[in-house]
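Here the sequence shown stands for residues 1 to 74, where the numbers follow full-length UniProt numbering. All C-beta atoms, glycine included, are put in the ideal place defined by N, C-alpha and C. Given the structure is predicted, the values throughout are model-derived calculations rather than measurements. The structure appears right after this line, and notes come after that.
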Amino acid sequence: MKDGDVFVLLDQILEAARLATSYVEGMTEDAFLADNRTQQAVAMNSLSSAKPRPGSRDPIRPSPRRMANFHGGA
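What follows is the structure in structure tokens.
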């Protein structure tokens, strides 16, 4: 990681967190749990902040077997 990259990454993480919290602002927990679209939007923002930059190696990419187990596959 180059100098300054960590600040770009942190800025992206903070922006994703701000967006995710804006989606649930004013919602009760029950309303959130009943709203699949909002749940997915929050999850996607969380995942997008962890996405590696183009050209960088992804040190946390799970193996296909691990993903199959996570999704309930064999």
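Query raised in the report: Considering only the beta carbon of each residue, do residue 23 and residue 43 sit closer than 8 Å?
Result: no
Requested in this report: Indicate the three-state DSSP secondary structure (helix, strand or coil) for residue 15 in the structure shown.
Outcome: helix
**Report entry** Endpoints, alpha helix (DSSP H) assigned at residue 35
**Finding:** From DSSP, residue 35 is part of no alpha helix (DSSP H); its letter is neither H nor E.
Query raised in the report: Between residue 12 and residue 25, what straight-line distance do the alpha-carbon atoms span, to the nearest angstrom?
Result: 20 Å
**Report entry** residue 36 and residue 20 closer than 8 Å at C-beta
**Finding:** no
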